[in-house]
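Chains A and B are the protein sequences, given in the same order.
Taken in order, the first sequence gives residues 256 to 514; the numbers are from the working numbering.
Taken in order, the second sequence gives residues 256 to 514; the numbers are from the working numbering.
Written below as structure tokens is the structure these notes are about.
2 protein chains.
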Amino acid sequence: MALYLIGIGLSDEKDISIRGLELVRNSDIVYLENYTSALINCPIERLEKQYGKKIMIAERELVEQSERIVQEASKVNVALLVIGDPLTATTHLDIMMRARKIGIPVKVVHNASILSAVAITGLQPYKFGKTVTIPYPEINFKPEIFYEVLRQNKILGLHTLLLLDLKPKEKRFMTIKEAIGILLEIEARRKQETFTENTLCIGVARLGADDQKIFAGNAKEVSSVDFGKAPFSLIVPGELHFMEEEFLAQYRSPTGKKG
Amino acid sequence: MALYLIGIGLSDEKDISIRGLELVRNSDIVYLENYTSALINCPIERLEKQYGKKIMIAERELVEQSERIVQEASKVNVALLVIGDPLTATTHLDIMMRARKIGIPVKVVHNASILSAVAITGLQPYKFGKTVTIPYPEINFKPEIFYEVLRQNKILGLHTLLLLDLKPKEKRFMTIKEAIGILLEIEARRKQETFTENTLCIGVARLGADDQKIFAGNAKEVSSVDFGKAPFSLIVPGELHFMEEEFLAQYRSPTGKKG
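If you want it as structure tokens, here you go:
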């Protein structure tokens, strides 16, 4: 018996590694986590066909799931498939720790993550500061922590990757336009010149997929672009090295300028 | 004709993705980049056997190589295999841009990178600040920029991933002990309480491999650990969330404490 935490990459059924595939095929039970992310452009049937295994969606309440998964892994080989790299979400570290505590062997198979895949924009992944998520604002919960993180990163000249909230079960994925709107609203209140309509930013959709879309321009321009299907992220560059600038130019609109 | 930039992951011949493998097998020429990193625990013969292709080492002067590679990709399908994620090194962005400029289709296959794989320590990858490399000091070149980056990250409560210099051609890989020694030497001069013998840090070796080694403790303790074979990295945590602390405890020595 063992627990396998297997990253399946960013886009579709062909992103799994050979090591990951071997472990999936060696598993008695295969779960696909569906609560922290979603592989919305690849139906589960395609994964099942490629992997040669029946896959169950693990979307119920997290703790409940993790207890059940750990219990099962004490009897048979259980694979938990995770989009991106398997350990970037705290939930999976928690499952891993619970399993280890009761002596279940855990194998982790890393895979591509948006944290390094952002390099395709030309921005050096090492020059990113803290990464943060923009959550859907709620009536009594309108956090501004991401604005503060962005402000701090900019002061230090660092790039910022803003992950956008998603509720896969409700098929809700925050769009780049929505994210920009939220940032501009906070800017209008705080007036700290952190994110204005003239701020250079980069919208990315479906990073790592064949039909990925990347567009750089000022916030107003990026906001008006149709990025197609989710998942989406927003990047705000800090100081740009000339090589970063040159590479990024491929994705810029003719009128986009740094703000 | 096309250029494929294919990440082959962190450890061995089984880390390549199915997508990557398909492209390798569709290539007329296959290079393995050997100048920015090294897959020192997996001989090239194992890659060749798994991939079913003859692989050439691309270790000559970078620009020269990239011109040659781009030239070849204008005639046939060329794969450049890169350890980790293919775009984290500027060199590969440069090759990509040169190819695109003359109309050669470029496909990028992302893969695991140390930037997200560090999550196995329990530290949230989103809470890392800027990443920096500790270079081998030379007689007339003793940079301290990594110390400054570490200092800034700590002030902000962020974790720091310190990549250690390597010269694969000379089979030189900076050890964790050497890195700690370099940091302590700068500390002794600058006395900014950024990195002392009591500073909590995490040494990691062969991250992503079955025999990876992770050890957390104060700098003095970590310095005395035998981490075995390269590659190595050093992590200095910033502020720790209790969940990070709890997970990290698995790797700590009984006497290690936060400094």
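In this text, a Cβ means the ideal position worked out from N, Cα and C, and glycines have one as well.
Item	Value
Check whether residue 287 of chain B and residue 310 of chain B have beta carbons under 8 Å apart	yes
CB-CB length for residue 369 of chain B against residue 489 of chain B, believed under 8 Å	Not quite, the Cβ-Cβ distance comes to about 12 Å (not below 8 Å), so this is no contact.
C-beta neighbour in chain B for residue 272 of chain A, strict 8 Å	yes
Anticipated Cβ contact below 8 Å, residue 437 of chain A with residue 392 of chain A, distance rounded	6 Å
DSSP state of residue 408 of chain B mapped onto helix, strand, coil	helix
Status (buried if at least 16 other CB within 10 Å, exposed otherwise) for residue 332 of chain B	buried
Cutoff 8 Å: residue 368 of chain A Cβ touching any chain B Cβ	yes
Residue nearest to residue 403 of chain A in terms of C-alpha spacing, selected from A/428, A/423, A/448, A/426	A/448
Within chain B, the residues that residue 345 of chain A reaches when beta carbons sit closer than 8 Å	379, 498
Beta-carbon spacing of residue 307 of chain B, residue 364 of chain B below 8 Å	no
Within 8 Å, strictly: CB atoms of residue 458 of chain A and residue 487 of chain A	yes
3 or more residues per run - each beta strand (DSSP E) lying fully within the segment 357 to 398 of chain A	361 to 364, 387 to 389
Residue 375 of chain A at chain B interface by Cβ criterion, 8 Å	yes
Partner residues on chain A for residue 447 of chain B, Cβ-Cβ distance less than 8 Å	Within chain A, no residue comes near residue 447 of chain B; the closest Cβ sits about 17 Å away, beyond 8 Å.
Status (buried if at least 16 other CB within 10 Å, exposed otherwise) for residue 510 of chain B	Any reading at residue 510 of chain B must be qualified, since the residue scores a pLDDT of 46, below 50, and its modelled position is unreliable; the value itself is stated next. With fewer than 16 other Cβ atoms within 10 Å, it is exposed.
Any chain B beta carbon closer than 8 Å to residue 386 of chain A	yes
Touch test, the segment 378 to 395 of chain B against the segment 414 to 422 of chain B, Cβ-Cβ under 8 Å, three pairs minimum	yes
Where residue 441 of chain B falls, given that 16 or more other Cβ within 10 Å makes a residue buried	buried
Burial state of residue 496 of chain B, where buried means 16 or more other Cβ atoms lie within 10 Å	exposed
Nearest neighbour of residue 354 of chain B, chosen from B/378, B/503, B/335 [CA to CA]	B/335
Residue 471 of chain A - DSSP class collapsed to helix/strand/coil	strand
Anticipated Cβ contact below 8 Å, residue 278 of chain A with residue 261 of chain A, distance rounded	6 Å
Residue 424 of chain A, DSSP secondary structure in three states	helix
Which of helix, strand or coil DSSP assigns to residue 495 of chain A	coil
Where the alpha helix (DSSP H) containing residue 300 of chain B begins and where it ends	299 to 306
Residues of its chain near residue 502 of chain B, where Cβ-Cβ distance is below 7 Å and the 5 sequence neighbours each way are ignored	377
Same chain, Cβ closer than 7 Å to residue 422 of chain A, neighbours up to 5 away in sequence not counted	none
CA-to-CA distance, residue 367 of chain B to residue 350 of chain A, given in whole angstroms	21 Å
Where residue 463 of chain A sits in the DSSP three-state scheme	coil
Option in B/304, B/258, B/478, B/397 with minimal Cα separation from residue 267 of chain B	B/304
Closest residue to residue 453 of chain B among B/444, B/439, B/270 (Cα-Cα distance)	B/439
Residues near residue 507 of chain A by beta carbon distance below 7 Å, same chain, minus five either side	471, 472
Residue-chain proximity (residue 329 of chain A, chain B), Cβ-Cβ < 8 Å	no
Under the three-state DSSP convention, the category residue 443 of chain A falls into	helix
6 Å Cβ shell around residue 434 of chain A - same chain, five flanking residues per side excluded	389, 419, 489
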